[in-house]
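In case it helps, the numbering used here puts the sequence shown at residues 16 to 328.
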Amino acid sequence: MRKLKGIYAPIPTFLDQNNKIDLNGNIAACKKLLESDIAGLYIFGTTGEFAYFSIEERKFYIENLLYQLDTSKELIICIHHWNTNKAMELAEHAIKNGAKYLAAVLPLYYSVSEKGIYNYYKSIRAKINEFDDSIQLFLYNIPLLPSTANITPQIISNLANEGIINGIKDSVIELEHAKNVLENVDNSFCFLCGTEPLLLYAFREGNIIKRFDGGVFSGADVLPNTYVKLFNAAVNLDFENFYRIWPLVDEFISLWDEGIFMLPHIIKYAMKYQKYQINDLPCNPLDIISDNKKKEVEKVIVKIMEFFGDFLI
16 MRKLKGIYAP
26 IPTFLDQNNK
36 IDLNGNIAAC
46 KKLLESDIAG
56 LYIFGTTGEF
66 AYFSIEERKF
76 YIENLLYQLD
86 TSKELIICIH
96 HWNTNKAMEL
106 AEHAIKNGAK
116 YLAAVLPLYY
126 SVSEKGIYNY
136 YKSIRAKINE
146 FDDSIQLFLY
156 NIPLLPSTAN
166 ITPQIISNLA
176 NEGIINGIKD
186 SVIELEHAKN
196 VLENVDNSFC
206 FLCGTEPLLL
216 YAFREGNIIK
226 RFDGGVFSGA
236 DVLPNTYVKL
246 FNAAVNLDFE
256 NFYRIWPLVD
266 EFISLWDEGI
276 FMLPHIIKYA
286 MKYQKYQIND
296 LPCNPLDIIS
306 DNKKKEVEKV
316 IVKIMEFFGD
326 FLI
């Protein structure tokens, strides 16, 4: 089983003027982003605004994307849903359309017990195995957003060691959480870092960073090659290059310090500013950023572009 390595961009889901998924715009944006040095894309994650689309919309986009996007790079398809049966349905649909890598976040709203968490992922794995047990399932842990339960490192390691999940996108800040996960799984387990602070802390610690296989960062939609350079410097303990690049990334992610609710429009606007042929509006009711914030976005992009001398930064 091939272990994922590198940076995966959690690309936004772009809308047309009628607030419907812009299929042509999305596919063109995916193709352009895949021309960079990233390893692949992460589809319908948090930045992809998955929670604001119906099952029918998600199926329509995935089947067309997988059919039209001819790439040797990996696509991780998020199939999470608050209803386990619906998550299984989305998993089956993605697999039938060629998906090889799936991810699922915890259900929201009602609180889920440890048993409920286990059964959710076990049910999705059972559905996957009906078709191909080599298809990889990633647990998506993002405690900085409202959730119904806390996925402890013990639960994660149990799921991994029983063959239910193959890896994790761990969007935590605390280094201790990542360490506790990795200390209790074998080297076949794929660890994708989900936040820039976690990457920084792991780099400073110096040992656990060697177990990081890759990362999924919203900033990689806008600065794909910058993130590849930063991650490579981190895992190689290249202090000179890491600290040369880190201030640029830190300045970019500070754009949404006022609230994560600004993230979708910031990323979409930044990509539009980079000449992606897309509509930058987020899904309703997410916030539209101010003109002043747009100027801040432009300023940071220009600064980084001048630093590297490359538009696909």
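All C-beta atoms, glycine included, are put in the ideal place defined by N, C-alpha and C. Values in this document were obtained by computation on a predicted structure and should not be read as measured data.
For residue i, count neighbouring C-beta atoms within 10 Å of its own C-beta (all shown protein chains included) and say buried if the count is 16 or more, exposed if not.
{"i": "Asn-156", "result": "buried"}
{"i": "Pro-300", "result": "exposed"}
{"i": "Phe-204", "result": "buried"}
{"i": "Lys-35", "result": "exposed"}
{"i": "Asn-307", "result": "exposed"}
{"i": "Pro-262", "result": "exposed"}
{"i": "Ile-179", "result": "buried"}
{"i": "Tyr-242", "result": "buried"}
{"i": "Gln-169", "result": "exposed"}
{"i": "Asp-147", "result": "exposed"}
{"i": "Asp-236", "result": "buried"}
{"i": "Leu-174", "result": "buried"}
{"i": "Val-315", "result": "buried"}
{"i": "Asp-272", "result": "exposed"}
What's the C-alpha gap between residue i and residue j?
{"i": "His-108", "j": "Ile-94", "result": "9 Å"}
{"i": "Asp-31", "j": "Met-277", "result": "19 Å"}
{"i": "Glu-313", "j": "Ser-305", "result": "13 Å"}
{"i": "Ala-102", "j": "Arg-219", "result": "38 Å"}
{"i": "Asn-294", "j": "Ile-42", "result": "13 Å"}
{"i": "Ala-141", "j": "Arg-259", "result": "46 Å"}
{"i": "Leu-90", "j": "Gly-60", "result": "12 Å"}
{"i": "Ala-249", "j": "Asn-33", "result": "42 Å"}
{"i": "Asp-52", "j": "Ile-328", "result": "10 Å"}
{"i": "Asn-144", "j": "Glu-191", "result": "32 Å"}
{"i": "Leu-81", "j": "Lys-115", "result": "11 Å"}
{"i": "Glu-211", "j": "Val-231", "result": "9 Å"}
{"i": "Ser-186", "j": "Phe-65", "result": "16 Å"}
{"i": "Asn-251", "j": "Glu-266", "result": "23 Å"}
{"i": "Tyr-216", "j": "Glu-198", "result": "17 Å"}
{"i": "Ala-285", "j": "Phe-246", "result": "21 Å"}
{"i": "Leu-331", "j": "Glu-177", "result": "Nothing about residue 331 can be reported from this structure: the residues present for the chain run from 16 to 328 only."}
{"i": "Thr-86", "j": "Gly-113", "result": "12 Å"}
{"i": "Ile-13", "j": "Arg-73", "result": "Residue 13 is absent from the model: the chain starts at 16 and stops at 328."}
{"i": "Glu-78", "j": "Ile-70", "result": "12 Å"}
{"i": "Asp-228", "j": "Lys-244", "result": "14 Å"}
{"i": "Val-196", "j": "Ile-281", "result": "32 Å"}
{"i": "Asn-165", "j": "Thr-99", "result": "18 Å"}
Please name the residue or residues paired with residue i in a DSSP beta bridge.
{"i": "Phe-45", "result": "Looking at the sequence shown, residue 45 is not Phe but Cys. Note: Cys-45 sits in no beta bridge, so no partner."}
{"i": "Ile-281", "result": "Bridge partners of Ile-281: none, in fact."}
{"i": "Tyr-136", "result": "None, per the DSSP bridge assignment."}
{"i": "Gly-234", "result": "Bridge partners of Gly-234: none, in fact."}
{"i": "Gln-151", "result": "Tyr-116"}
{"i": "Cys-93", "result": "Ala-118"}
{"i": "Ala-24", "result": "Leu-56"}
{"i": "Asp-185", "result": "Asn-156 and Cys-208"}
{"i": "Ile-36", "result": "Leu-30"}
Could you check whether the Cβ of residue i sits closer than 8 Å to any heavy atom belonging to the ligand FMN?
{"i": "Lys-309", "result": "Questions concerning the ligand FMN fall outside what the structure shown contains, since it holds no ligand whatsoever."}
Hey, residue i and residue j are a contact pair by Cβ (cut 8 Å); roughly how many whole angstroms apart?
{"i": "Lys-225", "j": "Gly-209", "result": "Not really, about 18 Å apart at Cβ, beyond 8 Å."}
{"i": "Ala-24", "j": "Tyr-57", "result": "7 Å"}
{"i": "Cys-298", "j": "Tyr-67", "result": "4 Å"}
{"i": "Leu-19", "j": "Cys-45", "result": "Wrong, their Cβ atoms sit about 18 Å apart, outside the cutoff."}
{"i": "Val-264", "j": "Gly-234", "result": "6 Å"}
{"i": "Pro-27", "j": "Lys-283", "result": "5 Å"}
{"i": "Ala-54", "j": "Lys-88", "result": "6 Å"}
{"i": "Ile-150", "j": "Ile-110", "result": "6 Å"}
Query raised in the report: Mind pulling the beta strand (DSSP E) runs of 3 or more residues that sit fully within the segment 194 to 230?
Result: 205 to 208
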